[in-house]
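The sequence shown begins at 188 in the numbering used here and counts up by one. The structure appears right after this line, and notes come after that.
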Amino acid sequence: MSVESVPSARIHPLNRAPVRTSGAYVLYWMVAARRLGWSFALDQAVAYARALHRPLVILEGLRAGYRWASDRHHAFALNGMREHAETLGGGPVLYHPYVEPEPGAGRGLLAALAREAAVVVTDYYPTFFIPRMQMAVAERFDVRLEAVDGNGLLPLSLTAHPFTAAYHFRRFLQKSLGEQILEMPSVDPLSDGGFPALAETPRALRAGWPAASEALLAAKPKALEALPIDHAVPPVPYSGGHTAARARLDAFIANGLARYGEEHNHPDADAASGLSPWLHWGHISAHEVFREVAAAESWSPARLSSGTDGKREGWWGMSASAELFLDELVTWRELGYVYAHHERRHDQYDTLPEWARRTLAGHASDPRPSLYDREAFEEARTHDEIWNAAQRELRGAGVIHNYLRMLWGKKILEWSASPREVLRTMVELNNRWAVDGRDPNSWSGIFWVLGRFDRGWPERAIYGKIRSMSSDATRRKVRLDGYLKRWGSGDT
């Protein structure tokens, strides 16, 4: 049995087991699209519930033992889980927010729920531990498990290979994306019902995997302290969840979009969207962001250009600022997802282009003007005021302004003893402190520093043919006096 709910290109069957029509409920295992709307995976689960006339159970879990687990990442995810609990409480959908009290405590929960399910639907997400985890459980399930891709405007399965540069991927998008733009997930798939409520709590949930307490869902400090996670990385001073994401999107549309083209590279201008934390955690969908940009531009698909020349502006038929923003949201963001989808080892040094590895190796012994170990980098103890400010922003706000993120990585390359050490340092600092770390787009940024998605440049010391950046040039190009006042102090 199958249902016609979402585009078939977005559905990734993870096993050959059948839909169990006698199952007690449909289970949606929420792992990446952590939202209650604008989600193809939730659309698919709802369609199954309606077709089978079965209740819908949503399991949203948070592991304790994943690498870089911390108060910061947990609190941000819990903000969204609390919203879901409040929204779904007392309604026909059973929502179960489960937070592991210790690594491995949740082992068996999903399998126990699946034993009573008619079908299990989950999110397709091509990086971190999620693909391995999903394939491991799929092999043991005797019920159908489908992963649904809602990562971006283009279904990942429509690509045949990774792309080596944004230009090549942009040309592919211009040839392929037109009809996909009309395929949007439901804004509120749960509003119309059409499936029964669950008569009783599943036996699996009565057996010993309780829902997270109110204190934990509220990310109370004492509740977080009880978990075996990194308490040295505190929560960021803003909230996760769709409500906060939507507020940030609305503010960007109102105050930043029109200025984006001219000012997004200037830290003092506050013209960037700032949406990456919520996009990473699935609290907002790229489809919703796109729709709001399109509405602000009074746009329709009829304005799409027929050209496929790979140029960054002119194809969408929007203002220059909107087109530049969409190049980041769609081209660059989805370029990273496509790469991770096709190259499972995308986080490994040897997946860099051969030219990049060769030039980095050829200059590995070049004298460095300064050398810092990981501790000095992490504590922002370099000689460079701008670099230190960027690292302090990462530690304090969980993000780095996008232009300075590039400089941040390039200087780590210049001040480290070897290219592989550069990669290890960037990965540890980014994934520990960045709310949007551990993401395909995050891996793109890290590996771009070392040559992925780029080309060779005139050869120079240390960098070889890798693109270089300097703090002096950055100071000349962008406005950052206010940024340095905020993040330049070691007291921040």
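Using N, Cα and C, we set each Cβ at its ideal position, and we do this for glycine too.
Subject >> Of the residues 572, 649 and 652, the one placed nearest residue 673, counting alpha carbons only >> reply: Within the sequence shown, the letter at position 486 stands for residue 673. When only C-alpha atoms are compared, the closest one is 572.
Original post:
With burial defined as no fewer than 16 other Cβ atoms inside 10 Å of the residue's Cβ, what is the status of residue 418: buried or exposed?
Top reply: Indexing the sequence shown from 1 puts residue 418 at position 231. Looking at its Cβ environment, which holds fewer than 16 other Cβ atoms inside 10 Å, residue 418 is exposed.
**OP:** Give the straight-line distance between the Cα atoms of residue 643 and residue 268, rounded to the nearest whole angstrom.
**Re:** Within the sequence shown, the letter at position 456 stands for residue 643. Within the sequence shown, the letter at position 81 stands for residue 268. Cα to Cα, residue 643 sits roughly 45 Å from residue 268.
Original post:
Mind checking residue 193: buried by the 16 CB within 10 Å criterion, or exposed?
Top reply: For the purposes of this step, residue 193 is taken as residue 6 along the sequence shown, with counting starting at 1. Residue 193 comes out buried.
**OP:** May I ask you to report which of helix, strand or coil DSSP gives residue 318?
**Re:** Against the sequence shown, residue 318 aligns to sequence position 131. Of the three classes helix, strand and coil, the one that applies to residue 318 here is helix, per DSSP.
**OP:** Alpha carbon to alpha carbon, how far is residue 477 from residue 369? Give it in angstroms, no decimals.
**Re:** By 1-based counting over the sequence shown, the position of residue 369 is 182. By 1-based counting over the sequence shown, the position of residue 477 is 290. So the two alpha carbons sit approximately 11 Å from each other.
Original post:
In angstroms, rounded to a whole number, what distance separates the CA positions of residue 655 and residue 586?
Top reply: Within the sequence shown, residue 655 is the residue found at index 468, counting from 1. Within the sequence shown, residue 586 is the residue found at index 399, counting from 1. Approximately 22 Å, taken between the alpha carbons.
Original post:
Does the distance from the CB of residue 521 to the CB of residue 565 come in under 9 Å?
Top reply: Position 334 of the sequence shown holds residue 521. Position 378 of the sequence shown holds residue 565. No, Cβ-Cβ distance for residue 521 and residue 565 is not below 9 Å.
Original post:
Using a Cβ-Cβ cut-off of 7 Å (strictly less than) and excluding sequence neighbours within five positions of residue 345, which residues of its own chain qualify?
Top reply: Position 158 of the sequence shown, counting from 1, holds the residue named residue 345. 196 and 363.
Subject >> Nearest-angstrom Cβ-Cβ length linking residue 536 and residue 631, presumed shorter than 8 Å >> reply: Along the sequence shown, read from residue 1 onward, the residue named residue 536 stands at position 349. Along the sequence shown, read from residue 1 onward, the residue named residue 631 stands at position 444. That pair is no contact at about 15 Å.
Subject >> N-terminal and C-terminal residue of the alpha helix (DSSP H) that residue 381 is part of >> reply: For the purposes of this step, residue 381 is taken as the residue at position 194 of the sequence shown. Where residue 381 is concerned, there is no enclosing alpha helix (DSSP H), given that its DSSP letter is neither H nor E.
Original post:
So, are the CB atoms of residue 651 and residue 516 less than 9 Å apart?
Top reply: Here residue 651 refers to the residue found at position 464 when the sequence shown is read from its first residue. Here residue 516 refers to the residue found at position 329 when the sequence shown is read from its first residue. No, the Cβ-Cβ distance between residue 651 and residue 516 is not below 9 Å.
**OP:** Have a look at residue 460 and residue 413 and give me their C-alpha separation to the nearest angstrom.
**Re:** What you label residue 460 is simply residue 273 of the sequence shown in a count that begins at 1. What you label residue 413 is simply residue 226 of the sequence shown in a count that begins at 1. C-alpha separation (whole angstroms): 34 Å.
Original post:
Going by alpha carbons, who is nearest to residue 318 out of 497, 486, 437 and 530?
Top reply: The count along the sequence shown starts at 1 and reaches residue 318 at position 131. With distances taken between Cα atoms, residue 318 lies closest to 530.
Original post:
Three-state secondary structure (DSSP) at residue 518?
Top reply: Translated into the one-based positions of the sequence shown, residue 518 becomes position 331. Note: residue 518 maps to helix in three-state DSSP.
**OP:** Could you say which of 264, 253, 266 and 300 lies nearest to residue 244 if we only look at CA atoms?
**Re:** Within the sequence shown, numbered from 1, the residue matching residue 244 stands at position 57. Among 264, 253, 266 and 300, the Cα nearest to that of residue 244 is on 300.
Original post:
In terms of residue numbering, what span does the beta strand (DSSP E) encompassing residue 233 cover?
Top reply: Your numbering for residue 233 matches position 46 in the sequence shown. Careful: residue 233 lies outside any beta strand (DSSP E), inside the alpha helix (DSSP H) at 227-239.
Subject >> Three-state class that DSSP yields for residue 287 in the structure shown >> reply: By one-based count along the sequence shown, residue 287 stands at place 100. Residue 287 falls in the coil class under three-state DSSP.
Original post:
By the 10 Å Cβ neighbour count, where 16 or more other Cβ atoms means buried, how is residue 326 classified, buried or exposed?
Top reply: Residue mapping note: residue 326 aligns to position 139 of the sequence shown, counting from 1. Exposed is the call here.
**OP:** Tell me, please, which residues DSSP counts as bridged to residue 199.
**Re:** Working through the sequence shown from its first residue, we reach residue 199 at position 12. Paired residue(s): 334.
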